[in-house]
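J.: This structure is in structure tokens; I'll ask about it shortly.
Below, the structure is given as structure tokens:
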């Protein structure tokens, strides 16, 4: 018997089916051990020796693997084809060796897709473990540990309210903070545009004034209303004639197939998916054999895949859509490895894969890959210049037409920001034509600050700078959000005060380690290690020789010295110039009460940093760590601030953060009304706060019973209630938008699920995941008394606490149900039931108490500040 080790149970089932009865395939459920989160796990004084610890919930799994290994004649390590996959294989081998269970023959195989052909071909061409790749993993893991466990105690003792800092997350946070500083420093500039509306041959079009009184105009030339109105009058008084018509052919080429980062960017733009959700869906598609490996920075495709794709294009389109020769791409990303193929379908005859969001993501991958090998689009861009008889005033109109769509027939790449229109439909005009003037408009505009980062644009910027790797982007973003260093507003990153303070601290005391060039350079060094050109311990030694003395030096400073340094460093932000020209540090309370010496400065407290008066305790003025008076005066630094005033009651509405997340509060005191802020409200503002505090909403009286139908938000999300029965709603917005007809229909569906014996209706499922691949039974996520669970109608499996119901995929649900059925029979004792819960946690790819859940392989790290 030959034993094969992979990461996930879904992958194990598929591969075992391909290999046949002579092979036993077991899943490790991701990483099996890690550096324990305590001092001394990495020992610089002992040549950077590392102390590893097996995850508690992996003990039983490793026992099963060890027992199978003792009976096997050959061990095949078939984890993913990247640095993390190599590391998992290495950990499994080391643990089996330690337990005396390692077979005499050990091989490593990798495949870029889980198909019968790819798996069988890989099994025929094994190789040893790649030690340089393992060394690169060890170096990265040690760097992240040393950075986090050295810096975090410094933060806890010197920076009020700080949590921890990660090597790469801190640099990503700096990008977000610096962009916010640019926005705050931006001063809008007024400008005007003059547009003439013209018509020719029944077709209306617009032309912009580009020359006025002999002077060429750029965007900011008309800087006030007076000059704009004078220019408008000149256009209205003149008769314009076509002076020139310039037609220029334009060729547009397709984008290459997806890499990890471009997939995350495009899924965010077109589907609204977070990076983490995108990777979870891609993992499920990969394990189902639908796409190639989804962690890659390569843009090329296998020659066989290109031939298959060209055949698919020839079948679907006319010959003109297929270029004579295949297209070949190379990446422009900094530090790209290009070790793997781009992300593509494994079968170009398969246009749909998965259900729900999986199907949407697969469709995106399929179309992008197909378009990448199609003919270029042929466009024609036209520029028309019109002039008055003096030649001192000119108008310009631009437009374009698609002569041949080429790849645009399948796919067009999304954009991060809105761009100017490339041109509208223009009439056929010739030199000397005089279009009729329909009107002239002068419009006021203001220059706009740079936009905040979206997930797509942040990932793009990280890739451009060479910071992080494809497998790390989702984790970087998730960590920033989990530590509350940033928040999302209208799908854009806004730094929280804690994030701004942490960034300022690192810029002031550890500038090297949040420098973009340094972090990108470290990635390059790790790549050199993975190529076998440098010893990883030499890299660690160089890092530690500089970092440790710097951390010790900051640790020796008094907290007051750190606060004073940050006060000076953040002075422009904390105390911006006042509109009246007064001293921005002058205490308003002392000034109002006639006290002298009232100067404001940054202070540190138990709950974080805040601004206070030097006259304390005589003056108790404080305000949050925020710019100017934008936050208002308050009691300290623990509150998020004032949202506004309730339009009906006149009471103040506060936004706060509590143990279970952000919430709003109406008024003050223990009896104040509160409402949690749902996660699906990206545009949360005062209006939403008023709506939430007004719940429950009475929709009206049920037409059959005459009793009220109520819409509200509960523990498991938005719902309807009527006469003791409940119906589930799809989103927070639906609570406020649903009408009577739809409400009655939802309640009727819920009533139809009532058991034959009557009584309360069964709760509506949180999600329908699809049919069971063998039995055909519906797999659902359901709300339960003790938390959400998955069920196939026979076996119920509770979700781990850290797994959100909306994150569950069909593969994850099947693994949970399978583990529950295998480990928790009906008459199990409480002890055996406890073991079943452990199996359930393993099936979800998580560790107890952790914060990550994935359908298949889980990247495990217990240290609080991974890079």
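Residue numbers (the working numbering): 4 to 870.
Here a beta-carbon is modelled for each residue, glycine too, at the ideal position from N, C-alpha and C.
None of these values were measured; they are calculated from a predicted model.
Report back the beta-carbon spacing between residue 738 and residue 753 to the nearest angstrom; my notes put them in contact at under 8 Å.
T.: Not a contact, Cβ separation roughly 16 Å.
J.: Have a look at residue 588 and residue 566 and give me their C-alpha separation to the nearest angstrom.
T.: Computed Cα separation, rounded: 16 Å.
J.: Quick check on the DSSP output: the beta strand (DSSP E) that includes residue 785 runs from which residue to which?
T.: Looking at the DSSP string, the run of the beta strand (DSSP E) that includes residue 785 is 781-785.
J.: Put residue 496 into one of helix, strand or coil per three-state DSSP.
T.: Three-state DSSP puts residue 496 in a strand.
J.: From residue 227 to residue 193, what does the alpha carbon distance come to, in whole angstroms?
T.: Distance between the alpha carbons of residue 227 and residue 193 is about 7 Å.
J.: Quick check: the region 86-100 against the region 132-152, are there 3 or more CB pairs under 8 Å?
T.: Output reads yes: the region 132-152 touches the region 86-100.
J.: Leaving aside the five residues before and after residue 749 along the sequence, list all residues of the same chain whose C-beta is less than 7 Å from its C-beta, in chain order.
T.: Same-chain partners within the cutoff: 723 and 730.
J.: Here's the rule I'm using: 16 or more other beta-carbon atoms within 10 Å means buried, otherwise exposed. How should residue 122 be labelled?
T.: It counts as buried.
J.: According to DSSP, is residue 198 helix, strand or coil?
T.: Residue 198: strand per DSSP, three-state reduction.
J.: Whole angstroms is fine: what's the gap from residue 219's alpha carbon to residue 238's?
T.: Going by the C-alpha atoms only, they are around 15 Å apart.
J.: Where does residue 871 land, buried or exposed, given buried means 16+ other C-beta within 10 angstroms?
T.: This structure does not reach residue 871, given that the chain is present from 4 up to 870, and the question cannot be answered.
J.: To the nearest angstrom, how far is it from the Cα of residue 359 to the Cα of residue 277?
T.: In a straight line, the C-alpha of residue 359 is about 15 Å away from that of residue 277.
J.: Among 528, 482 and 455, which one has its Cα closest to the Cα of residue 496?
T.: Ranking 528, 482 and 455 by Cα distance to residue 496 puts 455 first.
J.: Give, in chain order, every unbroken run of the beta strand (DSSP E) that is at least 3 residues long and sits entirely within the region 244-315.
T.: Segments of the beta strand (DSSP E) lying fully in the region 244-315: 244-255.
J.: Could you say which of 612, 322, 808 and 392 lies nearest to residue 577 if we only look at CA atoms?
T.: Selected option, being the one with the closest Cα: 612.
J.: Identify whether residue 587 lies in helix, strand or coil by the three-state DSSP scheme.
T.: Three-state result, residue 587: coil.
J.: So, helix, strand or coil for residue 203, using DSSP?
T.: Residue 203: strand per DSSP, three-state reduction.
J.: Given this structure, state the Cα-to-Cα distance separating residue 751 from residue 804, to the nearest angstrom.
T.: Approximately 31 Å between the Cα atoms of the pair.
J.: Going by other Cβ atoms of all chains shown within 10 Å of its Cβ, with 16 needed for buried, is residue 734 buried or exposed?
T.: Exposed.
J.: Alpha carbons only, please: which of 818, 695, 711 and 319 is nearest the one belonging to residue 721?
T.: Among 818, 695, 711 and 319, the Cα nearest to that of residue 721 is on 695.
J.: What do you get for residue 789, buried or exposed, if any count of 16 or more other CB atoms within 10 angstroms of its CB means buried?
T.: Counting Cβ neighbours within 10 Å, residue 789 comes out exposed, since fewer than 16 surround it.
J.: Within a Cβ cutoff of 8 Å, which residues of the same chain sit near residue 621, ignoring the five residues on either side of it in sequence?
T.: For residue 621, where only same-chain residues beyond five positions count, the Cβ hits under 8 Å are 598.
J.: CB-CB under 6 Å to residue 114, same chain, minus the five flanking residues each way: which ones, in chain order?
T.: These residues qualify, in order along the chain: 121, 122 and 125.
J.: By a C-beta neighbour count over all protein chains shown, 10 Å radius and 16 as the cutoff for buried, is residue 535 buried or exposed?
T.: By the 10 Å Cβ count, residue 535 comes out exposed.
J.: For residue 21, name the three-state secondary structure that DSSP assigns.
T.: Looking at residue 21 - three-state DSSP - the assignment turns out to be helix.
J.: Going by CA-CA distance only, name the one from 413, 104, 380 and 431 that's closest to residue 407.
T.: When each option's Cα is compared against that of residue 407, the closest is 380.
J.: Quick one: what does DSSP say residue 208 is sitting in, helix, strand or coil?
T.: If DSSP states are grouped into helix, strand and coil, residue 208 belongs with the strands.
J.: Assess contact between the region 278-297 and the region 10-30, defined as three or more Cβ pairs (one per stretch) separated by less than 8 Å. Is contact present?
T.: They touch, by the three-pair rule.
J.: So what does DSSP say about residue 845, is it helix, strand or coil?
T.: Bear in mind that a pLDDT of 43 at residue 845, under 50, signals an unreliable position, so the model cannot answer this.
J.: Nearest-angstrom Cα distance between residue 284 and residue 812?
T.: So the alpha carbons of these two residues sit roughly 8 Å apart.
J.: How about residue 528 and residue 509: are their beta carbons less than 8 Å apart?
T.: No, they are not a contact pair.
J.: Three or more C-beta pairs closer than 8 Å, one from the region 142-149 and one from the region 445-460: is that the case here?
T.: They do not touch, by the three-pair rule.
J.: Can you tell me where the beta strand (DSSP E) with residue 772 in it begins and where it stops?
T.: From DSSP, the beta strand (DSSP E) with residue 772 extends over 770-774.
J.: Going straight from the alpha carbon of residue 252 to that of residue 328, what length do you get?
T.: Cα-Cα distance, rounded: 22 Å.
J.: Starting from residue 385 and walking both ways along the beta strand (DSSP E), at which residues does that stretch end?
T.: 380-390 is the extent of the beta strand (DSSP E) around residue 385.
J.: Provide the residue span of the alpha helix (DSSP H) that contains residue 465, from first to last.
T.: Here the alpha helix (DSSP H) through residue 465 covers 458-468.
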